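Engineer: From first to last, the protein sequence lines are chains S and A.
Sequential numbering of the first sequence, starting at 1, is according to our numbering.
Sequential numbering of the second sequence, starting at 388, is according to our numbering.
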Amino acid sequence: MEGSFAVAEAVRLANADVIAAYPITPQTHIVERLSEMVADGDLDAEFICVESEHTAMSACVGASAAGARVFTCTAGQGLELMHEVLYIPSSMRLPVVAVIANRALSAPLSVWCDHSDMMAIRDIGWIQMLAENNQQAFDLTLCAYRIAEDNEVLFPTMVHIDGFYLSHVIEDMTLPDDEEVAGFIPEYKHPFALDPDKPVSMGCYGPPFIYPETKKAQEVAFENTIPKILETWREFGDLFGRHYALVEKYRMEHAKIALLTMGSCSETAMLAIDEMRAEGEEVGLIRLRLWRPFPFSEFREAVKDVELLVVLDRCVSFGMGGPVCSEVKSALYDLRKKPNVVGFIGGLGGRDIPIEEFKYMIQSALGKVKAIERGEEIETEMIGIRE
Amino acid sequence: MGKEEAELFAPRLVTTEENFAPGHRACIGCGEALAVRHVCKAMGKNVIIVNATGCIEIISSLLPQTSWCVPWIHTLFENVAAVVSGIESAYKARARKGKIHDKDVKFVGFAGDGGTSDIGIQALSGAMERGHNFLYCCFDNEAYMNTGIQRSSSTPYGAWTTTAPVGKKSIGQTTWKKNMPEIAVAHAIPYVATACPSYPFDLMDKVRKGVEMGGPAYVHILSPCPTGWRYPPNLTIEMGRLAVETGVFPLYEVINGEYRLSFDFPNLKPVREYMKAQRRFRHLTDDIVEKIQARVEKEYLRLREKAGVE
Numbered sequence: 001m002e003g004s005f006a007v008a009e010a011v012r013l014a015n016a017d018v019i020a021a022y023p024i025t026p027q028t029h030i031v032e033r034l035s036e037m038v039a040d041g042d043l044d045a046e047f048i049c050v051e052s053e054h055t056a057m058s059a060c061v062g063a064s065a066a067g068a069r070v071f072t073c074t075a076g077q078g079l080e081l082m083h084e085v086l087y088i089p090s091s092m093r094l095p096v097v098a099v100i101a102n103r104a105l106s107a108p109l110s111v112w113c114d115h116s117d118m119m120a121i122r123d124i125g126w127i128q129m130l131a132e133n134n135q136q137a138f139d140l141t142l143c144a145y146r147i148a149e150d151n152e153v154l155f156p157t158m159v160h161i162d163g164f165y166l167s168h169v170i171e172d173m174t175l176p177d178d179e180e181v182a183g184f185i186p187e188y189k190h191p192f193a194l195d196p197d198k199p200v201s202m203g204c205y206g207p208p209f210i211y212p213e214t215k216k217a218q219e220v221a222f223e224n225t226i227p228k229i230l231e232t233w234r235e236f237g238d239l240f241g242r243h244y245a246l247v248e249k250y251r252m253e254h255a256k257i258a259l260l261t262m263g264s265c266s267e268t269a270m271l272a273i274d275e276m277r278a279e280g281e282e283v284g285l286i287r288l289r290l291w292r293p294f295p296f297s298e299f300r301e302a303v304k305d306v307e308l309l310v311v312l313d314r315c316v317s318f319g320m321g322g323p324v325c326s327e328v329k330s331a332l333y334d335l336r337k338k339p340n341v342v343g344f345i346g347g348l349g350g351r352d353i354p355i356e357e358f359k360y361m362i363q364s365a366l367g368k369v370k371a372i373e374r375g376e377e378i379e380t381e382m383i384g385i386r387e
Numbered sequence: 388m389g390k391e392e393a394e395l396f397a398p399r400l401v402t403t404e405e406n407f408a409p410g411h412r413a414c415i416g417c418g419e420a421l422a423v424r425h426v427c428k429a430m431g432k433n434v435i436i437v438n439a440t441g442c443i444e445i446i447s448s449l450l451p452q453t454s455w456c457v458p459w460i461h462t463l464f465e466n467v468a469a470v471v472s473g474i475e476s477a478y479k480a481r482a483r484k485g486k487i488h489d490k491d492v493k494f495v496g497f498a499g500d501g502g503t504s505d506i507g508i509q510a511l512s513g514a515m516e517r518g519h520n521f522l523y524c525c526f527d528n529e530a531y532m533n534t535g536i537q538r539s540s541s542t543p544y545g546a547w548t549t550t551a552p553v554g555k556k557s558i559g560q561t562t563w564k565k566n567m568p569e570i571a572v573a574h575a576i577p578y579v580a581t582a583c584p585s586y587p588f589d590l591m592d593k594v595r596k597g598v599e600m601g602g603p604a605y606v607h608i609l610s611p612c613p614t615g616w617r618y619p620p621n622l623t624i625e626m627g628r629l630a631v632e633t634g635v636f637p638l639y640e641v642i643n644g645e646y647r648l649s650f651d652f653p654n655l656k657p658v659r660e661y662m663k664a665q666r667r668f669r670h671l672t673d674d675i676v677e678k679i680q681a682r683v684e685k686e687y688l689r690l691r692e693k694a695g696v697e
C-alpha cells in the first residue's frame, strides 16, 4: 500500500467526522483517497474542499472546537500558509490531527522532500512525530488520535511522512480491522465543546496581566504529554505487536560513534551502519521519533556512552547550520560528560542520500573532531554539493 | 390597527434578553456594539458565534471576563468564514452519525469591514461558494478602527484616515468604497441584505431571514463610529439615518437574486447633510462633494432599476 493510502486508511479507521484539506504535492494522494472513501460511503465524514491551507486549518479548528474528530494534511508551502493558524489549536487545546508529507520550501520551487517545512513550525506547540516507512505512517496516525484527544493531552498532533519517499512508495503492510481499532481509539469528547446548551467563550483577549500565565500553563501541559505518548505507544505495542520509542536506537551496543537521523532516510542509514559494523566499526544509529516535545531525558540516555555524535539535518537554518544539530547540542550542553557533536546538512529538495554518504559523514566527522581538538572552528558541511 | 400604529408597538415585541451583555468596553456611542446587540436579540440562544479579531472581539472578551451569553469563539482576523465552515460541518457530520442530537443550531460569523472586504475575503468567498449553512454579518465602520482609523477598501471616497491622511497632495481616501454586498450577490447565495442599527427592526428582520433561509446568508451592517468618523457620540443613530436617506448606504435585500429596496427615497437628501457632522469629511471642497453626490445618485438609480422600482 502507498504511504498516502495508509494514512487515509488510518483516518477512515479512526472514523473522522470532518476533513478539510487543500491539494498540494506530495500530499495530494491522501486527500484524493479520503475523497473517494467519503464518496463511496466508506467513511461518514464531511469533506470540506477548502480554498487554501489557511482555511483548511481554520476549518479544522472550528470543527474541533465544536467537538468533532478532524483531519487535515498538507506539505511544504501549504504548511507555511497554515503557519499563523497552527498556533490556535495548540494554545486553545484543540486536538487537530494532521499528516505532513514533508517538502522543501520555495524558492526555487521544489515539490520534493526535505524537512524545511516541519522545522519552520517546531516552536508552535504541536506534538510532532516522524514515520520512517508506510507501516509507521499508518500506526502513528492512529496513535495520533488517541494521544491528541486524551483529555489530559488535548494538543494538536502532527505525523510527518517524507514526501514521495513515503507518500508515493508502495510497501507491504499489516492492517488491523475496524473492531480492533475501535477498541484502541475511544469516542472523542472535548470537555468544553461549543454548544448552545453550555455556552463558553473561546479565544478571548489576553492583556499583559494574564497572557504569560496562559503560556506557562500551555508549556507545562505540553511537557506533560510525554507520559501519555509513551502510554499510548505501549498499549499500541501490546495490541498490535509494533513498538515505538521516543528515541529509537539501532545497533547501539557498545557504539562509540552514533549517527542521528530523522525520517525515511533512516532506513538507508541503517544499511550504512550494517556495512560499517561488518567492517568492525563500533557505530550505531539514533533516530528521533518524537521531535516535539523534545525527548530530553531519553535522548541523553541514548547517547550517554557515545564519544562522537554525527547529526544529519535535512534543512538549513540560514546563518546557524542545521536546526536539529543546534537543538541536540543544546540538549547536551548541561551534561558533564557529553559526546563531540558534528553536524551535516544533506538531502535538501529531494536529493537522495546514498549509503556512501552516511559512511562519508561518519568518517569525515572523525577528522573534524581532530580539528576541533586543535582549537579550529568547523563549519556545518553540506554533503553532496557540486562545486 | 394601521401600519404606523403597529410600528409603535414593535419595540415591545423584541426580547428584553441580552445575549450580548452590557458592561463591555466599547466607545460611547458605538454603532457596532449596538448592531451586535440587535443581531444577538434577533438570533436568540440557539446559536454559535465566530468573531474575527477587531473592535467587537477586544471590547467583549478581555480575560477573564466575557460579554457573550451564547457560545462564542475568536481565533484570527481573516478566517471567520473558514472557522464557521468547520463548526457547521462538525454539527452536520455528528448529527448524521448520531453522535449528537440535531437541535438546529444556527452558525454566525461576525467581522468588521477589514476582516470581510480585505483580509477575510478569500475565506468568505470560499465558504459562500461551498454553500455552508451560515449567516455572515459584516459590521462596517468603514476603516480599521481597532488599530486606530486606518483606511480599508470599505472606506468611502474622500474620507480622512490615518493611512489616507489629508495633505497638500491628497484628499484622503482616493478610491471608491468596495461594494461588498454585490460581491456576496455574485456568489448566487440565497440571501444578501444591507442593514443599519438606526433601523433596528429592519435589521433584526433581516438577521432572522438570514438564519432561516438555509445556505449562506450575508448581511452588511453600516455601523457608525463616532471615534473614527469624528462626530459627537450622541449622533450615531442620526448618522445611520442620514447615510440611508441620502442614498450613501441604501437598505435592500437580495433574496435568491431578486432585489428589494427596504426603504425607498425618490428624493434623496443631499450627501452634504450626511457628511457635514463628520470631521473625516470636513476638508472636502465643493467639487469633490459634487462628485460624490453624482456617484451616489447614479448608484442609487442603478439599485432602483435592479429592484424594479420605476
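All C-beta atoms in this analysis are idealised placements derived from N, C-alpha and C, irrespective of residue type, glycine included.
Every value quoted in this text rests on a predicted model; they were computed, and no experiment measured them.
(1) Can you find a C-beta in chain S that's less than 8 Å from the C-beta of residue 428 (chain A)?
(2) According to a CB-to-CB cut-off of less than 7 Å, which residues of the region 53-68 of chain S neighbour chain A?
(3) Taking 8 Å as the CB-CB limit, is residue 590 (chain A) close to chain S?
(4) Please report the distance separating the alpha-carbon of residue 50 (chain S) from that of residue 437 (chain A).
(5) Would you call the region 270-286 of chain S and the region 101-114 of chain S in contact, with 3 or more CB pairs under 8 Å?
(6) Alpha carbon to alpha carbon, what distance is there between residue 439 (chain A) and residue 358 (chain S)?
(7) So with CB distances below 8 Å, who are the chain A contacts of residue 210 (chain S)?
(8) To be precise: take each residue of the region 191-205 of chain S, compare its Cβ to all Cβ atoms of chain A, and keep it if any distance is under 9 Å. Which residues remain?
(9) Thinking C-alpha only, which one of A:686, A:640, A:522, A:425 is nearest residue 472 (chain A)?
(10) Look at the alpha carbon of residue 31 (chain S) and the alpha carbon of residue 22 (chain S), and state the distance between them as a whole number of angstroms.
(11) Report the partner residues of residue 165 (chain S) according to the DSSP bridge assignment.
(12) For a contact defined as C-beta to C-beta under 7 Å, what are the partners of residue 20 (chain S) on chain A?
(13) For chain A, find out if any of its Cβ atoms is closer than 8 Å to the Cβ of residue 207 (chain S); answer yes or no.
(14) Which whole-angstrom value is the C-beta distance of residue 637 (chain A) and residue 607 (chain A), which I expect to be below 8 Å?
(15) Hey, how far is the Cα of residue 413 (chain S) from the Cα of residue 75 (chain S)?
(16) Shorter than 8 Å from the beta carbon of residue 80 (chain S) to some beta carbon of chain A?
(17) Could one say the Cβ of residue 301 (chain S) lies closer than 8 Å to chain A's Cβ atoms, at least one of them?
(18) Nearest to residue 466 (chain A) by alpha carbon, out of S:92, S:73, S:308, S:62?
(19) Would you say residue 7 (chain S) reaches chain A, if we count a Cβ-Cβ gap shorter than 8 Å as a contact?
(20) Is the Cβ-Cβ distance between residue 553 (chain A) and residue 524 (chain A) less than 8 Å?
(21) Considering only residues of the same chain and omitting the five flanking positions on each side of residue 137 (chain S), which have a CB-CB separation below 6 Å?
(22) Closer than 7 Å by beta-carbon distance: list the chain S residues that pair up with residue 458 (chain A), in chain order.
(23) Pull up the distance between the alpha-carbon of residue 633 (chain A) and that of residue 658 (chain A), whole angstroms please.
(24) Name the two residues that bound the continuous alpha helix (DSSP H) containing residue 183 (chain S).
(25) Can you tell me whether DSSP reads residue 586 (chain A) as helix, strand or coil?
(26) According to DSSP, which residues form a beta bridge with residue 537 (chain A)?
(27) Starting from residue 261 (chain S), follow the beta strand (DSSP E) in both directions and report where the run begins and ends.
(28) On the premise that residue 18 (chain S) lies in contact with residue 480 (chain A), defined as a C-beta separation below 8 Å, what is that separation, rounded to the nearest angstrom?
(29) Three-state secondary structure (DSSP) at residue 388 (chain S)?
(30) Tell me, please, whether the CB atom of residue 595 (chain A) is closer than 8 Å to any CB atom in chain S?
(31) Does the ligand FAD have even one heavy atom less than 7 Å from the beta-carbon of residue 419 (chain A)?
(32) List the DSSP bridge partners of residue 581 (chain A).
(33) Chain A beta carbons: is any one of them nearer than 8 Å to that of residue 180 (chain S)?
(34) Can you name the start and end residues of the alpha helix (DSSP H) that residue 190 (chain S) belongs to?
(35) Is residue 629 (chain A) near residue 691 (chain A), with beta carbons less than 8 Å apart?
(36) Measuring CA to CA, which of S:367, S:381, S:335 is closest to residue 344 (chain S)?
Structural biologist: According to the structure data:
(1) no
(2) Listed by position, the residues of the region 53-68 of chain S near chain A (Cβ gap below 7 Å) are 54, 55, 58, 59, 60, 61, 62, 63, 65, 66, 67, 68.
(3) no
(4) Roughly 18 Å between the two C-alpha positions.
(5) no
(6) 50 Å
(7) 450, 451
(8) 193, 194, 195, 196, 197, 198, 199, 200, 201, 202, 203, 204, 205
(9) It is A:522 whose Cα lies nearest to the Cα of residue 472 (chain A).
(10) 8 Å
(11) According to DSSP, which records beta bridges pairwise, residue 165 (chain S) is partnered with nothing at all.
(12) 473
(13) yes
(14) With a contact defined as Cβ atoms closer than 8 Å, residue 637 (chain A) and residue 607 (chain A) miss out at about 11 Å.
(15) Residue 413 (chain S) cannot be examined here, being either before or after the span of chain S that is shown, 1 to 387.
(16) no
(17) No, its Cβ sits nowhere closer than 8 Å to a Cβ of chain A.
(18) S:62
(19) no
(20) Residue 524 (chain A) is positioned such that its CB atom lies no closer than 8 Å to that of residue 553 (chain A).
(21) So the list reads 3, 6, 7, 131, 161, 166, once near-sequence residues are dropped.
(22) Close to residue 458 (chain A), with beta-carbon spacing below 7 Å, are these residues of chain S in chain order: 194, 195, 196, 199, 200.
(23) 5 Å
(24) Residues 178-184.
(25) coil
(26) A:531
(27) 257-261
(28) 6 Å
(29) Any answer about residue 388 (chain S) is impossible in this case: the structure gives chain S only from 1 up to 387.
(30) no
(31) Within the structure as shown, the ligand FAD is missing, as the structure has no ligands at all.
(32) A:607
(33) no
(34) Segment: none, residue 190 (chain S) is in no alpha helix (DSSP H) and carries neither H nor E.
(35) no
(36) S:381
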